[in-house]
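Residue numbers (numbering that gives the first Met the number 0), protein chains in the order written: chain A, 0 to 844; chain B, 0 to 844.
Yeah, the Cβ is synthetic: ideal placement off N, Cα and C, and Gly gets one too.
Here the structure is a predicted model, which means the values were calculated and not measured.
2 protein chains.
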Amino acid sequence: MQKHYEFDEFVELRPTAKVDKSRHGWRAKCLQRLIRLDLPVPATVALPTETVRRIAAGQMPDVAAIIECFGDEMLISVRSSPENPEWGGPGTVLNVGLNNDMHARLVETHGAEAADALYLAFVQNYAVHVARLDPDMFCAPAGPGAVQAALAMYQEEMDSEFPQNPVQQLIEVLRSMARAWEGTTARLLRQAKGAPAEATLGLVLQQMALGIGPGLSGSGTIQFVDSVTGKPLINGRFRRQSQGRASADAELYLTRDPRGPSLEDLAPEVFEQLRGYGAICRQRLREEMQVEFTLEGGRVSVIDAVRVQRSARAGVRIAVALAEDGVIPREDALLRVEPRALTELLHFQVDPRAPRDVLARGIAASPGAATGKIVFSAAAAQASAARDEPCILVRRETSPEDVRGMHAAHAVLTERGGMTSHAAVIARGLGLPCIVGCLEISISGREKRLVGPRGRVFYEGDVITVDGSNGDVLVGTAEMLSPALDDGFQTLLRWADNVRDIGIRANADTPEDARTARNFAADGIGLCRTEHMFFDEDRLTVMREMIFADASQDRRLVLERLLPMQRADFIALFDIMAGMPVCIRLFDPPLHEFLPHDRDGMRDLADALDRPLSEVTRRIEAMSEFNPMLGMRGVRLGVTIPEIYDMQARAIFEAAVEASTRGAQVVPEIMIPLVSASREVELVKSRIDAVAAAVRSETKAEFTYRLGAMMETPRAALRAGEIAEHAEFMSFGTNDLTQMTYGLSRDDAGRFMSTYVNQGVYAEDPFHILDVEGVGELLLIGAGRGRATRRDITISVCGEHGGNPESIAFCRAAGFDYVSCSPFRVPVARLAAAHFALLAPKSHG
Amino acid sequence: MQKHYEFDEFVELRPTAKVDKSRHGWRAKCLQRLIRLDLPVPATVALPTETVRRIAAGQMPDVAAIIECFGDEMLISVRSSPENPEWGGPGTVLNVGLNNDMHARLVETHGAEAADALYLAFVQNYAVHVARLDPDMFCAPAGPGAVQAALAMYQEEMDSEFPQNPVQQLIEVLRSMARAWEGTTARLLRQAKGAPAEATLGLVLQQMALGIGPGLSGSGTIQFVDSVTGKPLINGRFRRQSQGRASADAELYLTRDPRGPSLEDLAPEVFEQLRGYGAICRQRLREEMQVEFTLEGGRVSVIDAVRVQRSARAGVRIAVALAEDGVIPREDALLRVEPRALTELLHFQVDPRAPRDVLARGIAASPGAATGKIVFSAAAAQASAARDEPCILVRRETSPEDVRGMHAAHAVLTERGGMTSHAAVIARGLGLPCIVGCLEISISGREKRLVGPRGRVFYEGDVITVDGSNGDVLVGTAEMLSPALDDGFQTLLRWADNVRDIGIRANADTPEDARTARNFAADGIGLCRTEHMFFDEDRLTVMREMIFADASQDRRLVLERLLPMQRADFIALFDIMAGMPVCIRLFDPPLHEFLPHDRDGMRDLADALDRPLSEVTRRIEAMSEFNPMLGMRGVRLGVTIPEIYDMQARAIFEAAVEASTRGAQVVPEIMIPLVSASREVELVKSRIDAVAAAVRSETKAEFTYRLGAMMETPRAALRAGEIAEHAEFMSFGTNDLTQMTYGLSRDDAGRFMSTYVNQGVYAEDPFHILDVEGVGELLLIGAGRGRATRRDITISVCGEHGGNPESIAFCRAAGFDYVSCSPFRVPVARLAAAHFALLAPKSHG
């Protein structure tokens with residue numbers, strides 16, 4: 000008699016059945032959809048998670064009633080159906096119901112060989128996975144007498160005959176699978192993949208389509224796009240006389256192929272039928288699906304269909320194609336692409352289709368791929384960088400002493416460590432490909448030797464490739480895919496721009512950066528640092544002369560020689576950006592960065608300046624600082640040595656006038672760095688206004704400009720109300736602001752950041768992910784007070800956080816006008832911004 | 000006919016007259032009080048400020064009516080009476096009304112010599128100050144014919160006779176004085192002394208008491224306390240046949256004196272009368288007054304009485320004595336002493352009574368006095384300090400390059416600069432005596448020579464004394480007054496303790512500091528920095544061994560050797576503080592501060608550790624930091640190398656157990672430095688709790704302790720709500736908090752701080768005066784959030800700002816429990832706290 004639960008113990012999948020993913024799992028849901036689409040799915044029953052949970056607890060459902068769904072000759076598969084396919088689950092058991100009688104019938108219908116193969120496979124599988132017997136005893140290959148031997152072995156081990164009752168078989172299979180889900184290892188594995196602690200399992204029971212027997216029989220999968228490129232391409236595999244993994248026969252090409260016979264040739268109508276199913280899935284399930292099918296004497300059964308596995312670039316192309324074909328709205332296409340996945344398109348990747356000689360596998364700790372010569376020490380990495388030779392830093396594990404070497408390397412590989420080890424954290428921060436925890440290799444730094452599996456040995460200078468996207472260490476060079484900025488990519492981002500409601504600018508210091516920013520369709524330049532412009536050798540000499548000049552008039556004269564060069568720098572940027580906003584940050588670094596620090600350099604400088612070495616040495620020493628980050632830099636230089644900003648302002652204005660004659664009117668934005676008091680802005684503004692007036696009068700050209708403050712100190716955020724009196728825009732430099740809010744130098748934090756992240760002191764490296772709780776609050780305070788003073792003030796973030804989706808969500812929620820990030824992060828930022836606009840639309844007005 | 004103003008044009012001073020300081024000035028008010036006290040004050044008329052303002056504008060009052068108050072033989076003085084005596088005003092004019100007729104009468108009554116002297120003085124004074132004639136023409140000494148010559152000269156220059164009409168004389172005198180007040184120079188001078196732009200002048204007209212003539216006549220002043228010590232002592236001066244400044248005769252001692260005749264001898268009844276007036280003034284005016292008097296034939300007139308000038312130490316003693324005598328309440332005594340004035344008592348001062356050879360005068364830019372050898376360069380100052388020889392750094396002006404030299408010097412003297420020049424700002428920050436803008440000297444650093452007025456020349460090594468309290472540069476050594484912590488001082492501070500409502504603790508690292516803190520009656524130690532304890536030579540070696548230890552176990556073993564020394568340190572502190580709270584900050588500085596940085600030191604270290612020099616060098620280099628202030632220090636060390644805090648906690652607990660056996664139960668307070676996330680506190684707390692449990696079990700002693708966070712990062716303030724979950728107290732380290740809030744390293748800020756203060760970018764050096772707007776807001780945020788989590792959390796400030804009255808007012812208003820400052824600032828802090836409690840009492844409950 001059937002027990003009376005308050006729920007259905009099982010459900011037979013029909014178009015009208017009530018099936019839902021959270022109760023019956025993804026596979027049940029998917030199969031029901033296929034049934035609704037009228038695909039030839041064999042009879043299928045879904046057990047909801049509650050039933051499976053009770054089975055694990057020893058409470059069996061009415062198995063006899065379930066079996067009735069499959070008619071007299073029950074032969075079924077049992078498959079896992081958790082809510083999310085990523086969570087895994089116990090392996091499929093095929094051919095449940097197979098016993099001596101059925102075997103005898105199969106011998107008649109399909110021949111002894113096929114029948115034996117099926118029965119042997121079932122007995123072995125059952126013995127190992129259901130009865131939990133020693134796998135070594137149940138691994139004999141198919142052959143005469145193998146079935147009888149397996150049955151005998153089973154009986155000996157279990158002290159009972161191999162179960163002949165299909166009901167008993169099914170009960171044991173269900174119990175075994177339900178309990179496997181509860182095992183500790185299984186739980187840890189799925190939790191590592193993001194499953195919640197209380198995740199439950201559904202099961203799917205399906206009538207077997209045998210795939211063996213007379214006529215064209217077999218099993219296979221087919222998909223209609225390329226998993227790597229996303230381009231239309233029919234591929235998959237088909238094996239005659241097989242049941243999926245339990246392959247028994249040679250492979251058949253799916254499409255016409257010169258190398259051998261193909262399904263398309265042998266059974267064109269079946270091929271067309273499959274193609275039709277693919278088209279139906281794509282249209283009705285609104286997704287590119289991989290269809291799993293079985294042929295029995297030319298009759299197609301669809302066993303399953305799963306979302307096509309895809310690379311990031313394929314994901315973009317598929318989503319765009321679906322939208323362009325009207326299958327899904329553009330908004331859906333946008334939401335189907337994870338913004339961070341675009342990063343992969345911007346990095347070099349090892350071509351997944353190319354042959355690869357995998358030396359070892361480790362944890363993919365920082366994405367991208369790089370090839371280079373092995374070095375075993377930070378010093379060797381620096382030497383290699385000095386020779387311009389790409390190198391891979393290989394260490395047992397890294398420590399703070401290696402950070403400078405990591406800067407010099409193209410990738411990092413460590414024997415030990417996990418996702419939050421020192422090497423992993425630092426490499427992600429530096430954007431370096433990195434593999435950690437590569438336990439298959441053994442490194443001896445002293446002997447400069449790397450030993451891989453199977454005794455393969457490598458020495459310093461040998462070439463390897465690190466694929467930080469999937470954790471593979473490859474021998475030698477590898478074929479690389481260049482960054483993929485194809486049509487699909489461009490189209491998706493154009494759509495993103497149509498929906499996003501926050502600006503995305505790029506941090507760009509050079510014409511190259513600016514061109515990249517334009518290519519990636521940034522809304523302008525949000526941060527152009529000008530100091531690099533003084534490091535060219537010819538300019539450096541002039542800078543040093545300026546630093547050593549004693550009087551304002553002397554400094555002014557020296558700086559006049561830099562003026563035309565700076566003007567040319569700015570003209571180039573304005574021309575490239577063609578009227579888009581360009582925000583130029585005035586000179587920021589401490590002057591001592593421009594001075595030599597070794598004896599030889601000082602001697603050269605003394606010669607160049609024609610001053611005594613003792614004076615040069617003394618002045619350089621006097622300019623050294625205990626904490627340069629907190630020293631004489633930024634607007635502090637602007638206030639105490641105003642001649643530098645005067646020159647820069649003039650260069651900007653003259654460049655704007657010239658660029659405007661060729662194209663759109665340029666309205667330069669001038670940003671004052673390291674503000675901590677409103678009076679700093681006021682003082683600089685009055686001088687810059689005077690320069691603007693002078694340039695207007697000299698050039699007889701009319702132009703305007705916008706002046707703003709870079710908000711990098713906590714005090715600037717607190718005093719934003721006053722600062723806004725003099726500033727038309729405020730841009731938060733979250734790098735420095737993070738350093739000061741935490742009292743933490745980014746350059747020095749590497750010594751303990753991994754310990755801190757590991758111990759949960761910081762949830763994340765705050766230089767990597769914006770610290771919303773601390774730094775974020777200062778942003779909100781600053782923005783609020785700035786707006787209270789000047790309602791239409793432009794507010795933005797221009798630190799490296801700017802490109803992180805988390806930061807964009809934060810800034811957008813706070814009503815910031817734009818974020819500015821490195822040019823290569825602009826695409827991610829554009830897409831992330833579109834996501835937030837779609838997921839949390841702002842009310843209008 | 001008298002004009003009808005809406006106000007009284009003048010008021011004759013009588014006991015019932017309506018006189019008030021804001022309308023008639025301080026002098027009128029004071030004289031009226033003396034009249035009320037029935038002192039023999041000659042007839043006096045006060046002109047209110049409105050009358051004087053109109054006079055300056057050309058609108059004369061009814062002078063004839065005024066003159067009527069003085070009877071027929073008008074001979075009067077006219078004196079300034081601004082609201083505040085500090086504001087100055089035009090000089091007194093005596094003997095208005097003197098003309099040929101009066102002169103003739105005086106010849107009869109007082110003799111020709113006296114009459115001539117008076118008339119000549121008046122004519123000269125009138126000519127120069129009223130008629131504005133050339134002083135050189137009117138400076139002839141008294142003598143036969145001098146009066147006639149002066150009158151003739153006047154007539155020649157003015158083309159009219161010297162005015163004979165007393166009304167006309169008075170009109171001219173009044174007009175001249177009223178206009179002098181409006182002069183630009185006069186205005187600037189009084190504004191420099193704090194007068195508002197709209198400050199006005201009253202005038203006082205008083206019948207002359209001649210002070211010359213037959214019998215005992217003359218003028219003088221008398222006071223009854225010593226201006227330097229504040230002790231009871233009759234002193235002053237008396238000149239026979241004189242009218243105050245216009246001295247004409249020899250001086251007479253006031254009190255009996257072996258050196259000559261005295262007033263006390265010659266006219267004991269007059270002397271007693273004056274003593275009585277002093278007593279009346281003290282009792283009724285509640286102040287020690289200096290009485291100005293005139294004798295005419297033995298008849299006493301009291302011309303004026305002013306508050307006795309006094310040194311800071313005299314001010315304390317006078318206030319305390321008045322309160323002890325019941326003349327004023329103790330609260331008034333407290334309020335009469337400016338807290339910062341106590342600083343003077345704590346500094347060495349040049350004894351004002353000792354002879355002084357003043358080389359030159361400059362601007363007193365930073366108080367205190369010091370004697371030392373002249374050095375002309377920062378390098379020489381450092382060399383001198385290395386030899387333990389006190390030196391005075393003498394520069395034309397200082398620049399950032401001199402800062403290290405200033406650290407080494409005992410005082411600073413510059414030829415140029417003002418109160419906000421580089422030297423002044425830095426010296427105040429360092430607590431160094433400093434004189435700037437000493438234009439009378441000329442310095443040649445190249446020739447190592449200082450040339451003073453009158454060609455006096457000094458060379459490097461010559462000894463001078465800098466009196467930064469009054470701006471005097473003295474030749475050679477000077478007699479110094481040691482800090483004055485006498486009975487009056489102690490009494491006043493005891494009274495202060497009775498009224499103040501905020502705790503004052505001391506920052507004390509050593510037993511010496513702790514003893515000073517006890518002497519100054521601090522409420523405990525608010526900050527005991529422990530790192531100095533590791534710098535003794537024997538401990539340093541152990542520290543270095545610990546730093547180079549590779550494993551936790553090794554570090555632990557090495558630190559065990561430091562444990563007994565640390566324990567002894569803490570026992571000493573607990574014993575001295577005898578049960579008062581002692582807040583110990585755990586180890587804070589970066590470890591590289593303990594390592595040698597020169598080649599020799601590294602070689603020694605390599606020897607000591609028995610490791611290769613290359614390894615020592617490499618590890619020291621790897622530990623160097625870009626920004627040590629923002630690096631691996633404070634709790635970051637505590638989390639990554641927990642063995643140090645474990646050892647310190649054990650030392651603290653074992654010391655507390657031992658000290659408690661001898662006296663009051665010790666409840667140590669343990670403070671975690673540089674917190675930026677609550678988890679840091681949580682992690683350290685769990686380890687320290689474990690150490691406490693271990694010590695309890697080993698010693699079988701019960702003890703408790705309090706754990707708190709030092710709030711030095713902006714983020715700590717923002718996250719105070721979470722931090723308070725693990726912290727029983729929070730103490731704001733405003734030094735570091737200021738550095739991080741401004742993004743400004745204190746060590747490096749000297750390069751531009753004076754420019755910044757001069758240009759008004761910062762109103763004050765924020766390391767000197769707490770930045771209420773920025774840093775202060777973070778304090779309020781932190782305190783508010785901390786209390787929201789833990790209502791009874793103890794909140795304090797322990798940065799160097801703690802002792803500033805401004806900071807105390809701020810912390811008290813914010814409801815902080817205590818401030819902690821350097822031991823020598825404790826007295827100022829105690830008094831300032833009392834002031835705020837009296838001036839802005841908190842409502843109870």
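Indicate the three-state DSSP secondary structure (helix, strand or coil) for residue i in the structure shown.
| i | result |
| --- | --- |
| M176/A | helix |
| Y125/B | helix |
| Y761/A | coil |
| N506/B | strand |
| A111/B | helix |
Is residue i close to chain A? Criterion is C-beta to C-beta, closer than 8 Å.
| i | result |
| --- | --- |
| S675/B | yes |
| E776/B | yes |
| D645/B | no |
| G637/B | no |
By DSSP's criteria, residue i is part of a beta bridge. Which residues make up the other side?
| i | result |
| --- | --- |
| N847/A | Residue 847/A falls outside the range modelled here, since chain A spans only 0 to 844, and no answer is possible. |
| M710/B | F731/B |
| P81/B | L200/B |
| M670/A | R584/A and G707/A |
Please tell me whether residue i has its Cβ less than 8 Å away from any Cβ of chain B.
| i | result |
| --- | --- |
| E624/A | yes |
| A407/A | no |
| G742/A | yes |
| V92/A | no |
| L837/A | no |
| V760/A | yes |
Would you say residue i and residue j are within 8 Å of each other, going by their C-beta atoms?
| i | j | result |
| --- | --- | --- |
| E396/B | H421/B | yes |
| F9/B | P60/B | yes |
| D568/A | E530/A | no |
| S666/B | A708/B | Inspection of the sequence shows that residue 666/B is occupied by Val rather than by Ser. No, the Cβ-Cβ distance between V666/B and A708/B is not below 8 Å. |
| A359/A | G451/A | yes |
| S744/B | A715/B | no |
| E295/A | L209/A | yes |
Going by DSSP, what residue range makes up the beta strand (DSSP E) through residue i?
| i | result |
| --- | --- |
| T43/A | T43 to L46 |
| A369/A | A368 to V374 |
Where do the ends of the alpha helix (DSSP H) carrying residue i lie?
| i | result |
| --- | --- |
| M646/B | E642 to R661 |
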